[in-house]
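Novice: Chains as they are written, first to last, in the numbering used here: chain A, 1 to 95; chain B, 101 to 195; chain C, 201 to 295; chain D, 301 to 395; chain E, 401 to 495; chain F, 501 to 595; chain G, 601 to 695.
Ideal placement from N, C-alpha and C gives every residue a C-beta, glycine not left out.
Remember, it's a predicted structure, so these values are computed and weren't measured experimentally.
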Amino acid sequence: MTIKPLGDRIVLKVIDDVQQTQGGIFIPDSAKEKPQKGEVVAVGPGKTMDSGEREPLDVKVGDKVLYAKYSGTDVKMDGVEYKILSVKDVLAIIE
Amino acid sequence: MTIKPLGDRIVLKVIDDVQQTQGGIFIPDSAKEKPQKGEVVAVGPGKTMDSGEREPLDVKVGDKVLYAKYSGTDVKMDGVEYKILSVKDVLAIIE
Amino acid sequence: MTIKPLGDRIVLKVIDDVQQTQGGIFIPDSAKEKPQKGEVVAVGPGKTMDSGEREPLDVKVGDKVLYAKYSGTDVKMDGVEYKILSVKDVLAIIE
Amino acid sequence: MTIKPLGDRIVLKVIDDVQQTQGGIFIPDSAKEKPQKGEVVAVGPGKTMDSGEREPLDVKVGDKVLYAKYSGTDVKMDGVEYKILSVKDVLAIIE
Amino acid sequence: MTIKPLGDRIVLKVIDDVQQTQGGIFIPDSAKEKPQKGEVVAVGPGKTMDSGEREPLDVKVGDKVLYAKYSGTDVKMDGVEYKILSVKDVLAIIE
Amino acid sequence: MTIKPLGDRIVLKVIDDVQQTQGGIFIPDSAKEKPQKGEVVAVGPGKTMDSGEREPLDVKVGDKVLYAKYSGTDVKMDGVEYKILSVKDVLAIIE
Amino acid sequence: MTIKPLGDRIVLKVIDDVQQTQGGIFIPDSAKEKPQKGEVVAVGPGKTMDSGEREPLDVKVGDKVLYAKYSGTDVKMDGVEYKILSVKDVLAIIE
Chain A
1 MTIKPLGDRI
11 VLKVIDDVQQ
21 TQGGIFIPDS
31 AKEKPQKGEV
41 VAVGPGKTMD
51 SGEREPLDVK
61 VGDKVLYAKY
71 SGTDVKMDGV
81 EYKILSVKDV
91 LAIIE
Chain B
101 MTIKPLGDRI
111 VLKVIDDVQQ
121 TQGGIFIPDS
131 AKEKPQKGEV
141 VAVGPGKTMD
151 SGEREPLDVK
161 VGDKVLYAKY
171 SGTDVKMDGV
181 EYKILSVKDV
191 LAIIE
Chain C
201 MTIKPLGDRI
211 VLKVIDDVQQ
221 TQGGIFIPDS
231 AKEKPQKGEV
241 VAVGPGKTMD
251 SGEREPLDVK
261 VGDKVLYAKY
271 SGTDVKMDGV
281 EYKILSVKDV
291 LAIIE
Chain D
301 MTIKPLGDRI
311 VLKVIDDVQQ
321 TQGGIFIPDS
331 AKEKPQKGEV
341 VAVGPGKTMD
351 SGEREPLDVK
361 VGDKVLYAKY
371 SGTDVKMDGV
381 EYKILSVKDV
391 LAIIE
Chain E
401 MTIKPLGDRI
411 VLKVIDDVQQ
421 TQGGIFIPDS
431 AKEKPQKGEV
441 VAVGPGKTMD
451 SGEREPLDVK
461 VGDKVLYAKY
471 SGTDVKMDGV
481 EYKILSVKDV
491 LAIIE
Chain F
501 MTIKPLGDRI
511 VLKVIDDVQQ
521 TQGGIFIPDS
531 AKEKPQKGEV
541 VAVGPGKTMD
551 SGEREPLDVK
561 VGDKVLYAKY
571 SGTDVKMDGV
581 EYKILSVKDV
591 LAIIE
Chain G
601 MTIKPLGDRI
611 VLKVIDDVQQ
621 TQGGIFIPDS
631 AKEKPQKGEV
641 VAVGPGKTMD
651 SGEREPLDVK
661 VGDKVLYAKY
671 SGTDVKMDGV
681 EYKILSVKDV
691 LAIIE
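Okay, here's the thing in structure tokens:
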């Protein structure tokens, strides 16, 4: 079973911050709204613009991204936690 | 009696999550706003864009979709529970 | 005396749900916001679009429609209850 | 002294519902937000659209209209009660 | 010292309602939001439209206007009370 | 050190109302939201319009302006109080 | 590990106000909403405009900027505090 997000939505596999310390330490500031990490596993076709064309998404499958903690909707599938959210809630790509 | 939704609305037959375990287990995260499943049984003509044309809908009859729990309006017809909602409240298509 | 609605408004004759059981049973879900039925008796000319043309309405006189319960404004004329509401508050046409 | 409304505003002479029973009885539903009747005595030039042209108003001087009760601003001039309101708050023309 | 309003703002000299009874009696309805009278003493250049041109203002210097009571900002200059407000808050021109 | 405001923002040097009585007395009405005076010391490039061009600002360096009291952000630099605010919060130019 | 911000977002290295006194003293007004300083370390590609092109950002890597205190999202990476925020929340560039 696969999830095909609609519009400008994407599907992320949530990355656990605790297992995150190899290859650059990423520690969000605990007193503020924390961003979280995820890996993009599916992207929507983009929103339809006034011209009738699709607005391209700035992320692609495989990208690791930071997103605001309370954005999007969580689903579990085959025991893995996914998140469906608008690409507008993605703050940055991490490389 | 059939329902023809207007604008960008669609009609869904609600799928009961409890009978949902064959062919990939789908378990929404209980602590968050839960998405729910439905099967598309009718789609509207799309909203009229500034150009005068209809904006195409990204779902078609027969699609199984995830949607936010509290979106749309519920109706019962011949004992079956349906939901009328905007296609913007559909998160993803499940295949 | 007749009512000519303005813009994208329509006038509905309210259909009583209790007399509604022949020809397909329509029972709205009582725990949610209930849609109601009405028959279209007049339609406005449509809103003026940026191009200066009128946006066409998706309903016509004689259509039976579902609409959200608390939308629109009620008027009584010659003892009959009518409702004036925007076509955007019409959920679907029933056939 | 005359009043020339600006933009999409119109000036109405308020019609008292009590003196309203000849020629078709109009009784607004008392439990809901009541519409009221008025006669159009002046209309504005219309709002300027993006094209620079004026958006035409759908009512003209002499029209009898229904409008939402709490819309607009009341003024008295030479002992007569008038109402200045946007044409968007006019629900329908009565004929 | 003169005031040049920006955008679609205008400057009004406030007219005291009490000295207002000659040449047509204007008595605002006391139970509702009262409009007030002023004389236009300066007008802005108009807002810049998407086309890059200025949207023309519907009032000119010398016009007597009705405006909503709590709109705009009051200033006193050389002992005279002025009001700076958007032309959108002007209800009508009185002649 | 200089401040270059972005978009449609400008930088004002705040003018103290108390030292303001020569050359025309300006006394804001104390019971209402008071406008305040400032001298423009820097202007931004203007917002980018849909056409890709910059929307021109209606004020220039050296203009004395009235602005709403609680708009903008205050900064002190070399002991002088400045205010960074959007040109939309400027009510008028004083000459 | 590097951060590539999306849309009109930028990444700032936060500059501590206390170590800020050489080369022009910058002291924000303590009773108001304080702006803060940061150095731009990465900029996004800009938002997609209706024309399909990217809206250019008004800041570049290396710029020192003032931004509103409570805007954006904080992250720590390799022990350095960064902030991801929209360029619209940048008030001015300091030179």
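Closest Cβ-Cβ distance between residue 350/D and chain E: below 8 Å?
Specialist: yes
Novice: With 8 Å set as the bound, which would you pick, yes or no: does the beta-carbon of residue 393/D sit closer than that to a beta-carbon of chain C?
Specialist: yes
Novice: For residue 167/B and residue 11/A, what's the separation of their Cα atoms in angstroms?
Specialist: About 14 Å.
Novice: Quick check on residue 381/D - is its C-beta less than 8 Å from some C-beta in chain C?
Specialist: no
Novice: By how many angstroms is the C-alpha of residue 454/E removed from the C-alpha of residue 445/E?
Specialist: 7 Å
Novice: Roughly how many whole angstroms lie between the Cα atoms of residue 369/D and residue 383/D?
Specialist: Each residue's Cα considered, the two are about 11 Å apart.
Novice: Helix, strand or coil for residue 208/C per DSSP?
Specialist: coil
Novice: Check whether the region 56 to 67 of chain A and the region 84 to 92 of chain A are in contact - that is, three or more C-beta pairs closer than 8 Å.
Specialist: yes
Novice: Does DSSP classify residue 720/G as helix, strand or coil?
Specialist: Absent from the structure is residue 720/G, since the part of chain G shown begins at 601 and ends at 695.
Novice: Quick check on the DSSP output: the beta strand (DSSP E) that includes residue 359/D runs from which residue to which?
Specialist: Looking at the DSSP string, residue 359/D is not in any beta strand (DSSP E), and its letter there is neither H nor E.
Novice: For residue 378/D, which residues from the same chain have a beta carbon less than 7 Å from its beta carbon, with the 5 sequence-adjacent residues on both sides left out?
Specialist: none
Novice: Does residue 454/E have its Cβ less than 8 Å from a Cβ in chain F?
Specialist: Chain F contact via Cβ: absent.
Novice: Would you say residue 557/F lies against chain G (beta-carbon separation less than 8 Å)?
Specialist: no
Novice: Show which residues of chain C have a CB atom less than 8 Å away from the CB atom of residue 107/B.
Specialist: 258 and 288
Novice: Going by CA-CA distance only, name the one from 508/F, 586/F and 575/F that's closest to residue 501/F.
Specialist: Closest option to residue 501/F, Cα to Cα, is 575/F.
Novice: Nearest-angstrom Cα distance between residue 115/B and residue 185/B?
Specialist: 15 Å
Novice: Less than 7 Å between C-beta atoms, sequence neighbours within five positions excluded: which residues of the same chain meet that for residue 29/A?
Specialist: Per-residue confidence for residue 29/A stands at a pLDDT of 46, beneath the threshold of 50, marking its modelled position as unreliable; no derived number is given.
Novice: Using the Cβ count rule (16 or more neighbours within 10 Å means buried), how would you classify residue 447/E?
Specialist: With 16 or more Cβ atoms within 10 Å of its Cβ, residue 447/E is classed as buried.
Novice: Nearest chain B C-beta to residue 221/C closer than 8 Å, yes or no?
Specialist: Unreliable positioning characterises residue 221/C in this predicted model, as indicated by a pLDDT of 42, which lies under 50. A coordinate reading is not provided.
Novice: So what does DSSP say about residue 577/F, is it helix, strand or coil?
Specialist: strand
Novice: Is DSSP giving residue 547/F helix, strand or coil here?
Specialist: coil
Novice: Less than 7 Å separating the Cβ of residue 167/B from some heavy atom of the ligand GTP?
Specialist: Looking at this structure, you won't find the ligand GTP or any other ligand, since it has none at all.
Novice: Strictly below 7 Å CB to CB, what residues from chain F border residue 635/G?
Specialist: Within chain F, the residues near residue 635/G are 573 and 575.
Novice: To which residues of the same chain is residue 208/C closer than 8 Å at the C-beta, ignoring the five residues directly before and after it?
Specialist: 244, 246, 247, 255, 257, 286, 287 and 288.
Novice: Anything in chain G within Cβ reach of residue 68/A, meaning under 7 Å, just list it in chain order.
Specialist: 673
Novice: Taking residue 303/D as the query, report the chain E residues whose CB atoms sit under 9 Å from its CB, ordered along the chain.
Specialist: 466, 491, 492, 493, 494 and 495
Novice: So, for residue 4/A: in the same chain, excluding its five sequence neighbours on each side, which residues have a beta-carbon less than 7 Å away from its beta-carbon?
Specialist: 42
Novice: Have a look at residue 240/C and residue 294/C and give me their C-alpha separation to the nearest angstrom.
Specialist: Residue 240/C and residue 294/C: Cα-Cα distance of roughly 12 Å.
Novice: Given that residue 684/G touches chain A, what residues does it touch there, using C-beta distances under 9 Å?
Specialist: 35, 66, 91 and 92
Novice: To the nearest angstrom, report how far apart residue 372/D and residue 661/G are at their CA atoms.
Specialist: 52 Å
Novice: Quick one: is residue 143/B near chain C, going by C-beta distance under 8 Å?
Specialist: no
Novice: In whole angstroms, what separates the C-alpha of residue 13/A from that of residue 80/A?
Specialist: 8 Å
Novice: Could you name the residues of the same chain whose beta carbon sits closer than 8 Å to that of residue 131/B, not counting the 5 residues immediately before and after it, in chain order?
Specialist: In this predicted model, residue 131/B has a pLDDT of only 40, less than 50, meaning its place in the structure is not dependable enough to derive any value.
Novice: With 16 other CB atoms within 10 Å as the buried threshold, where does residue 152/B fall?
Specialist: exposed
Novice: Please state whether DSSP places residue 131/B in a helix, a strand or coil.
Specialist: Caution is warranted here: a pLDDT of 40 is assigned to residue 131/B, below 50, making its placement in the model unreliable, and the coordinate value is therefore given only provisionally. It is coil, neither helix nor strand.
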